[in-house]
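Numbering (this note's numbering), first residue to last: 49 to 359. Structure first, then comments.
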């Protein structure tokens with residue numbers, strides 16, 4: 049049986065069913081709508097086990113200070129944890145919307161019906177996930193297999209052939225542990241003679257390019273697992289993954305060394321394979337540019353010799 053989806057409208061009880069309100073406007077456009085008073089329990093939105101919320105609209109109007117508290121209460125309901133949320137305010141109150149309040153977008157009252165429905169669909173798209181033969185969407189990441197294209201939050205992200213294949217495979221196996229051996233066999237092929245460090249290097253590059261939009265965790269001694277996307281992750285800049293990499297590499301960079309990636313554990317210590325090695329002779333231009341601008345492998349390996357020359 050198909051799950052019934054609805055749009056949840058949350059606000060001051062007596063105002064929820066007003067003619068120009070979000071509930072009335074969306075119903076006139078054919079949407080299934082359920083309303084909830086600000087002080088009611090969120091589970092009341094679900095009349096049966098087959099119900100699923102598409103999006104949440106919190107009508108704060110002239111009281112945006114109540115919106116964040118209302119959203120926190122809604123998020124305590126497990127069935128609403130990952131549902132996209134919009135806050136509706138009057139024009140006079142727009143400056144009081146806090147970016148940290150947790151809403152995905154905002155609406156201005158009075159509503160423009162077409163805009164209201166378009167924004168609901170947009171936030172629903174951002175939170176949705178699907179997989180077809182041609183396209184895969186995981187959080188903010190969209191993989192277009194037919195066009196060999198990857199985007200994060202609508203922004204194109206250039207990937208090499210092996211990075212694209214690696215990303216596609218871990219997305220297909222989402223929630224399951226994939227070992228380095230399995231990745232080498234499925235992405236590089238059974239004839240590839242390289243070691244596990246090749247996988248670690250390519251994972252590091254994917255994390256640098258996709259940032260917190262790629263919730264790929266390392267399971268030491270086991271491999272990798274793609275987890276649920278982080279709320280609000282939109283790409284590499286300012287992401288949690290980027291900040292973690294910066295913290296992990298700060299000490300090494302201060303000594304003129306290349307930061308050691310967290311994935312390079314005992315399983316990956318099989319020799320320093322060329323970082324541009326893809327098994328297809330594929331050039332990794334961005335990585336080569338980074339190596340030219342940084343210290344050479346000889347410089348990093350022999351800091352003592354550099355100090356003797358200086359003296």
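Note that beta-carbon positions come from the ideal geometry of N, C-alpha and C, so glycine has one too.
Give me, in chain order, the residues of the same chain whose beta-carbon lies closer than 6 Å to that of residue 190; leave out the 5 immediate sequence neighbours on both sides.
199
Tell me which residues share the same chain as residue 75 and place their Cβ nearer than 8 Å to its Cβ, disregarding the 5 neighbours each side in the sequence.
81
Residue 103 and residue 360 - do their beta-carbons sit closer together than 9 Å?
Shown here, the chain extends from 49 to 359; a query on residue 360 therefore has no answer.
Judging by CA-CA distance, which residue of 85, 97, 55 and 126 is the nearest neighbour of residue 114?
85
Assign residue 194 to one of three DSSP states: helix, strand, or coil.
coil
Confirm, please, whether the CB-CB distance from residue 107 to residue 69 is below 9 Å.
Contact flag set, yes.
Let me check understanding here. Comparing Cα to Cα, which of 100, 147 and 105 lies closest to residue 176?
100
What first and last residue would you give for the alpha helix (DSSP H) that runs through residue 96?
Secondary structure note for residue 96: it is in no alpha helix (DSSP H), with a DSSP letter that is neither H nor E.
What is the DSSP secondary structure of residue 101, reduced to helix, strand or coil?
strand
Provide the residue(s) that pair with residue 58 in DSSP beta bridges, ordered along the chain.
In DSSP, residue 58 forms a bridge with 84 and 106.
I need the straight-line Cα distance from residue 228 to residue 126, nearest angstrom please.
Roughly 34 Å separates the two Cα atoms.
Whose C-alpha, out of 217, 261, 134 and 184, is nearest the C-alpha of residue 247?
217
Rounded to the nearest angstrom, how far is the Cβ of residue 257 from that of residue 214, given a contact under 8 Å?
Actually they do not touch by this definition, with Cβ atoms about 12 Å apart.
Tell me whether residue 57 is buried or exposed, calling it buried when 16 or more other Cβ atoms sit within 10 Å of its Cβ.
buried
Indicate the three-state DSSP secondary structure (helix, strand or coil) for residue 111 in the structure shown.
coil
By the three-class DSSP mapping on this structure, what secondary structure does residue 367 have?
Absent from the structure is residue 367, since the part of the chain shown begins at 49 and ends at 359.
How many angstroms separate the CA atom of residue 267 from the CA atom of residue 275?
Residue 267 and residue 275 have their alpha carbons spaced roughly 12 Å apart.
Please state the DSSP three-state secondary structure of residue 224.
coil
Using CA atoms only, rank isn't needed, just tell me which of 236, 259 and 71 is closest to residue 203.
259
Should residue 249 go down as buried or exposed, given a rule of 16 or more other Cβ atoms within 10 Å for buried?
buried
With a cut-off of 8 Å on the beta carbons, I'd call residue 119 and residue 139 a contact; round off their distance for me.
With a Cβ gap of about 21 Å, residue 119 and residue 139 do not count as contacting.
Could you tell me if residue 92 is buried or exposed, where buried requires 16 or more neighbouring beta carbons within 10 angstroms of its beta carbon?
With fewer than 16 other Cβ atoms within 10 Å, it is exposed.
The alpha helix (DSSP H) with residue 246 in it runs from where to where?
Its alpha helix (DSSP H) spans residues 245-258.
Using a Cβ-Cβ cut-off of 6 Å (strictly less than) and excluding sequence neighbours within five positions of residue 149, which residues of its own chain qualify?
Listed in chain order, the non-local C-beta contacts of residue 149 below 6 Å within the same chain comprise 116, local neighbours out to five positions each way being set aside.
Taking the alpha-carbon positions, what's the residue 272 to residue 245 distance?
Within the model, the alpha-carbon separation for residue 272 versus residue 245 is close to 13 Å.
Apart from the five residues on each side of it in sequence, which residues of its chain come closer than 6 Å, Cβ to Cβ, to residue 135?
Counting only Cβ-Cβ distances below 6 Å, and skipping sequence neighbours, we find 106, 108, 115, 151 and 154.
Under the rule that 16 or more other beta-carbon atoms within 10 Å means buried, what is residue 318, buried or exposed?
Confidence at residue 318 is low in this model, with a pLDDT of 40, below 50, so the placement of that residue should be treated as unreliable; the coordinate-derived value is given next. So residue 318 counts as exposed.
Starting from the C-beta of residue 194, find all residues in its chain whose C-beta is less than 8 Å away, skip the five residues before and the five after it, and write them out in chain order.
182 and 183
My assumption, with CB atoms under 8 Å, is that residue 220 sits in contact with residue 254. Please give the rounded CB distance.
Not confirmed; about 15 Å, so no contact.
Whole angstroms are fine: how far does the CA of residue 73 sit from the CA of residue 161?
6 Å
How far does the alpha helix (DSSP H) with residue 159 in it reach, from first residue to last?
It is not in any alpha helix (DSSP H) - residue 159 carries neither H nor E in the DSSP assignment.
For residue 189, does the three-state DSSP call read helix, strand or coil?
Look at residue 189 here: in three-state DSSP terms it is strand.
Between the alpha carbons of residue 168 and residue 83, how many angstroms are there, rounded?
Straight-line Cα distance between these residues: approximately 15 Å.
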